[in-house]
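A short write-up of the structure that comes next.
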């Protein structure tokens, strides 16, 4: 049963690779419309958590529920069709086709024809949706460029366009500002926040950059060695001694 | 609706249809032209896999050969209707292609090429080393198929127009397909298979579907072959034949459809010309291929762009 406003429920999820426990009984509850961030030092299990939610890995134990429905163990394409889209930490686009065609192939996956016989001869018109997204991310001028010729920052935006074009209700962003300059990061953060609220999206964010996280998040969870050590609002996290210790090391010297 | 046929394709089609009117078109040249069009169409079907989806099939000779055997077996037993032969070929090739594509698309990368090759070798071995369908001799001297009960396709000219009709239909099918929702997903799979999955596409299902379509088009081509040659032999399914199909696609230009048609025709004509002079014709063809791959990576169709006729547009 979907409880009020709960979009995603990660319930005591563990995932191990051989002897390595990448996640140990991690639980999170993401509510509708909020921006929820997961932070932690390298190797804390953030990406594994994302991979479990998006279907790359099945959890070793525990469950993931989306809108009240259990999704643990489903294939990535099935999870995407339920309304979870993901962007990648390392830009993951279609390099040798145009920017417009990149977003089109993403948008048409939600067309009525998709997966049905008429898709063999029909081309759904998704031009408006594509144009809207390109406009929102300032890529209109680049629509006919091959995606591989975009600048790094533009490719990061295209990456988000692809995910948004599948009309998700929950968007997972894996370090969306990775590799951006501080100026670009600031602009990107503001843009993501604005688009998320305009579209009524729920965001789940992995981020390294503390300034991004603090500025954008409603709530933050901190992972350390695969365990959740803290969860709360940004100002609570900022002053949490366990978090400071995880990031800066124990204060013994 | 997007425009499927360019006026250029229509003009070229009409010119090819008028080819038999040329004074020097003897029966020999008509049969040569038949082969050029047939293998052009098959190379085009293979281009759906190689050029658009990024899947290299090393087993297309089996689809071709199974189509040819389906027809030859029926003709030998007195079932002369071309339509019956085509239905049989579609059923046989379709069933085989479903099995092959299911296993071949379950793994990624090189496994697709290997598994299509291995399956094709199994089929070849069956026809070559059992006597069920004539062993190494295959099925020889079958009668001509009939378009209608009183209309046998028994002259090179009639065969020529049958294969031209097949090529034209196959071209239309491929053009519509690559311009469709489905075709866009194929290109996305070629470009970045993982990302396509995260956009909600069941990649294996798309790969199986395009395999099946490509195999059926190739199998239908094979089904027309005994009408021209009066035989079906295991040699049609040799792995070298699959290799030649790939070469035709490469020569013509990947991911262009029209290119591989030209590539197939070019290959057939070059082989015929060179082999009538020297036994080691494959060396010559090999050299031509190396030159094309090195200096014209977009194949023969890319010449247009090289000569500055028209700015090349990437397949999308």
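Residue numbers (the numbering used here), protein chains in the order written: chain H, 7 to 259; chain V, 2 to 317.
We put the beta carbon where it would ideally sit given N, CA and C, even for glycine.
Inter-stretch contact (C-beta, 8 angstroms, three-pair minimum) for the stretch 93-100 of chain H and the stretch 168-185 of chain H: Touching, yes, given that three or more Cβ pairs across the two stretches are closer than 8 angstroms.
Assumed close pair residue 164 of chain H, residue 153 of chain H - CB separation to whole angstroms, cut-off 8 angstroms: Their Cβ separation, rounded to whole angstroms, is 6 angstroms, which keeps residue 164 of chain H and residue 153 of chain H in contact under 8 angstroms.
Where residue 2 of chain V sits in the DSSP three-state scheme: Reliability of the predicted coordinates at residue 2 of chain V is poor, the pLDDT of 39 falling under 50, and the value obtained from them is presented with this limitation in mind. In the three-state DSSP reduction, residue 2 of chain V falls in the coil class, being neither helix nor strand.
Residue 92 of chain H: contacting residues in chain V (beta-carbon distance under 9 angstroms): Going along chain V in sequence order, the residues near residue 92 of chain H (Cβ under 9 angstroms) are 199.
DSSP-derived helix/strand/coil call for residue 244 of chain H: Looking at residue 244 of chain H - three-state DSSP - the assignment turns out to be helix.
Nearest-angstrom beta carbon gap, residue 179 of chain H and residue 299 of chain H [assumed within contact, 8 angstroms]: The shown model of chain H, from 7 to 259, leaves out residue 299 of chain H, and the question about it has no answer.
Residue 300 of chain V at chain H interface by Cβ criterion, 9 angstroms: Output row for residue 300 of chain V: interface = no.
Same chain, Cβ closer than 8 angstroms to residue 198 of chain V, neighbours up to 5 away in sequence not counted: Correct list, in chain order: 204.
DSSP-derived helix/strand/coil call for residue 10 of chain V: Of the three classes helix, strand and coil, the one that applies to residue 10 of chain V here is helix, per DSSP.
Span of the alpha helix (DSSP H) around residue 72 of chain H: No alpha helix (DSSP H) holds residue 72 of chain H; the beta strand (DSSP E) holding it covers 67-72.
Coil, strand or helix - residue 312 of chain V by DSSP: Only weak support exists for where residue 312 of chain V lies, its pLDDT of 45 falling under 50; the coordinates are left without a value.
Through-space distance from residue 209 of chain H to residue 86 of chain H, alpha-carbon basis: If you take the alpha carbons of residue 86 of chain H and residue 209 of chain H, they lie about 15 angstroms apart.
Start-end ranges of the beta strand (DSSP E) lying completely within the stretch 110-159 of chain V, minimum 3 residues: For the stretch 110-159 of chain V, whole beta strand (DSSP E) runs of length 3 or above, ordered along the chain, are 147-149.
Best match in V:287, V:7, V:73 for proximity to residue 228 of chain V [C-alpha to C-alpha]: The option with the nearest alpha carbon to residue 228 of chain V is V:73.
Contacting residues, own chain, Cβ-Cβ under 8 angstroms from residue 28 of chain H (five flanking each side not counted): Closer than 8 angstroms at the Cβ level, and outside the excluded window around residue 28 of chain H, lie 21, 22, 51, 54, 232.
Residue interval of the beta strand (DSSP E) (run including residue 31 of chain H): Where residue 31 of chain H is concerned, the enclosing beta strand (DSSP E) stretches over 26-37.
Distance between residue 135 of chain H and residue 129 of chain V (C-alpha atoms, nearest Å): Residue 129 of chain V and residue 135 of chain H have their C-alpha atoms spaced approximately 56 angstroms apart.
Cβ-based burial, residue 83 of chain H [other Cβ within 10 Å; buried from 16]: Counting C-beta atoms within 10 angstroms of its own C-beta, residue 83 of chain H has 16 or more neighbours from the protein chains shown and is therefore classed as buried.
Counterpart residues of residue 180 of chain H in DSSP-defined beta bridges: According to DSSP, which records beta bridges pairwise, residue 180 of chain H is partnered with H:212.
Interface flag, residue 185 of chain V vs chain H, CB-CB below 9 angstroms: So yes, residue 185 of chain V belongs to the interface.
Near-chain V residues of the stretch 118-133 of chain H - C-beta to any C-beta below 7 angstroms: Correct list: 119, 120, 125, 126, 127, 128, 129, 130.
Residue 162 of chain H at chain V interface by Cβ criterion, 9 angstroms: At least 9 angstroms separates the CB of residue 162 of chain H from every CB of chain V.
Proximity winner among H:252, H:62, H:17, relative to residue 90 of chain H (alpha-carbon distances): Nearest option by C-alpha distance: H:62.
Cβ contact (3+ pairs, closer than 8 angstroms) linking the stretch 113-126 of chain V and the stretch 238-251 of chain V: Enough Cβ pairs lie closer than 8 angstroms, so yes.
Proximal residues, the stretch 161-181 of chain V versus chain H, C-beta separation under 7 angstroms: Residues of the stretch 161-181 of chain V that bring their beta carbon within less than 7 angstroms of a beta carbon in chain H comprise 177, 178, 180, 181, in sequence order.
For residue 184 of chain V, the nearest candidate out of H:130, H:149, H:177 (CA to CA): The residue with the shortest Cα to Cα distance from residue 184 of chain V is H:130.
Contact list for residue 86 of chain H against chain V, beta-carbon separation under 9 angstroms: Near residue 86 of chain H (Cβ distances below 9 angstroms), the residues of chain V are 198, 199, 200, 201, 202.
Those residues which DSSP pairs with residue 44 of chain H across a bridge: Paired residues: H:212, H:227.
DSSP state of residue 12 of chain H mapped onto helix, strand, coil: DSSP places residue 12 of chain H in strand when its eight states are reduced to three.
Residues of the stretch 226-238 of chain H whose Cβ lies closer than 8 angstroms to any Cβ of chain V, in chain order: Correct list: empty, as no residue qualifies.
Strand pairing of residue 236 of chain H, partner residues [DSSP]: Per DSSP, H:228.
Closer than 7 angstroms at the beta carbon, the chain H residues around residue 189 of chain V: Ordered by position in chain H, the residues that pass the 7 angstroms Cβ test against residue 189 of chain V are 100, 111.
Interface flag, residue 103 of chain H vs chain V, CB-CB below 9 angstroms: For residue 103 of chain H, the answer is yes, since a Cβ of chain V falls inside 9 angstroms of its Cβ.
Interface residues of the stretch 34-55 of chain H facing chain V [CB-CB below 9 angstroms]: Those residues of the stretch 34-55 of chain H placed with their C-beta closer than 9 angstroms to a C-beta in chain V do not exist.
Cβ of residue 48 of chain V within 9 angstroms of any chain H Cβ: It does not; no Cβ of chain H falls within 9 angstroms.
Nearest-angstrom Cβ-Cβ length linking residue 216 of chain V and residue 98 of chain V, presumed shorter than 8 angstroms: That pair is a contact at about 4 angstroms.
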